[in-house]
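Let me begin by presenting the structure, written as structure tokens, before commenting on it.
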Amino acid sequence: MKKIAIIGAGVAGLTALQTLSKHGCSVTVFDKSRGSGGRLSSKKSGASSWDMGAQFMRAHTDEFRAQLKMWEADGWVAHWDVTPWAINGTQRTASPDDIDRYVGMPRMTGLSRKLLEAADDFITQTRIVETQFNSDSGTWSLTAEDGTEFGPFDELIINTPPQQALPLLPAESQLSEQVSGVHMLPCWTLLLGFENSLECAFDAAFVKSGPISWIARNNSKPGRDAREAWVIQANHEWSERKKDAPREQVQQELEEAFAIATDCTVAASDIWLHRWLYSLPANSSGLGALRDEAHNLTLCGDWCFKPSIEGAWLSGRAAANILTGTHHD
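When we follow this note's numbering, the leftmost residue of the sequence shown carries the number 183, and every step to the right adds one.
Printed below as a string of structure tokens:
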């Protein structure tokens, strides 16, 4: 039985896990966080809870459309019946579209937890800081931050942002140049919880002006807590400029922009500010997954394909197909 290690419990890694486990592989998943999901992450603070990363899933391909329908049938995701608005300054207009948007149940991490069930082992709160490839046996051993060693593994899959993958690559790996050439953009995300419902005409909006790109009433999604909770995501250009700005300044500017967008000035009772340092690739490769055959090493993630949950899913599937020798049309 082939033993495989996956570093990173995001969508791409967990998608690879699905295929590999069906092919009889023994898979161990590592993540530096307490839970799974990567950008599917959820957050609780005070009395409020939010989907902190990816806000929904949508399909551009028939394959992912079919996958979403299967997950929906299993109860892992649900359709979010929302009409996004478009906001430009103080102009707010309903902007209906025919896009089917899905969310994990009962939060985005609900999907990752279900996908993770296929793992032989899930080792959390473990940051892998060193990898060693034994060229004689063709196996990998991994060392965590606290010195704990794991292995040997026949294959290694790294599902992290490129900046975090780079130090884990062998010095002589031909992937280093490709990985170091990917620039990731940050995203500041402000989470607001309120005692009472806001008098706001919409549940979600794409914002075309100011620092914000997206706002959503989290409790409008199926399965969520009824308590009023909003997610405010800054646009990537603004986030890049403010990447190292004081948190108080970032929070104040996003709160002011939120008040303008919604025309609501009610003070929040729960507040959380998060900086996604590696949110979106400025230049994704579109290759699906990256392979170093000489070292039994595969890299995957949405930055290898296209920046979305679908992109991560397609990348993880491509990674597994490399290892199993199977291909999808």
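All C-beta atoms in this analysis are idealised placements derived from N, C-alpha and C, irrespective of residue type, glycine included.
Classification of residue i by the beta-carbon crowding that lies within 10 angstroms, buried from 16 upward
i, result
"E337", "buried"
"I186", "buried"
"A502", "buried"
"P463", "buried"
"N401", "buried"
"Q415", "buried"
"I281", "exposed"
"A450", "buried"
"S379", "exposed"
"H418", "buried"
Cβ-based neighbour list, residue i, same chain, cut-off 6 angstroms, excluding 5 preceding and 5 following
i, result
"G392", "A439"
"R221", "G235, A236"
"G271", "S391"
Contacting residues, own chain, Cβ-Cβ under 7 angstroms from residue i (five flanking each side not counted)
i, result
"F315", "W322, P352, H477"
"V389", "I269, S395, W396, I397, A443"
Nearest-angstrom beta carbon gap, residue j and residue i [assumed within contact, 8 angstroms]
i, j, result
"C482", "G195", "7 angstroms"
"T528", "W458", "The structure shown does not extend to residue 528, since the chain is modelled only from 183 through 511, so no value can be given for it."
"A471", "A494", "Going by Cβ atoms, the distance from A471 to A494 rounds to 11 angstroms, so no, they are not a contact pair."
"R240", "V264", "Not quite, the Cβ-Cβ distance comes to about 11 angstroms (not below 8 angstroms), so this is no contact."
"R123", "S231", "The shown model of the chain, from 183 to 511, leaves out residue 123, and the question about it has no answer."
"T480", "L496", "So it is not a contact: roughly 14 angstroms between Cβ atoms."
"F304", "A408", "Between A408 and F304 the Cβ distance is about 31 angstroms, and since that is not below 8 angstroms, they are no contact."
Nearest candidate by alpha-carbon position, reference residue i, set the options
i, options, result
"T508", "T201, D280, V193, I189", "T201"
"Q360", "K225, D452, E435, L469", "L469"
"D233", "E312, R399, A300", "R399"
Cβ shell of residue i (< 8 angstroms), same chain only, five flanking positions each side left out
i, result
"E331", "S323, L324, T325"
"M183", "G206, C207, S208"
"M287", "G257, W258, V259, A260, L293, P404, G405"
"V448", "F376, N378, L380"
Beta carbon proximity, residue i to chain C, threshold 8 angstroms
i, result
"T197", "The structure shown contains no chain C, having only a single protein chain."
Heavy atom of the ligand HEM within 7 angstroms of residue i beta-carbon
i, result
"L374", "Ligands in the displayed structure: none, and consequently the ligand HEM is not present."
Starting from the N-terminal side, write out each stretch of the beta strand (DSSP E) that is 3 residues or longer and does not extend beyond the region 245-303.
Positions of the beta strand (DSSP E) runs, each at least 3 residues long and wholly inside the region 245-303, are given as 259-261, 267-270, 273-276, 284-286 in order along the chain.
Alpha helix (DSSP H) segments (min. 4 residues) lying fully within the region 350-430
You should have 357-362, 418-423.
Beta strand (DSSP E) runs contained entirely in the region 301-346, provided each spans 3 or more residues
Correct list: 303-305, 310-316, 321-326, 331-335, 337-340.
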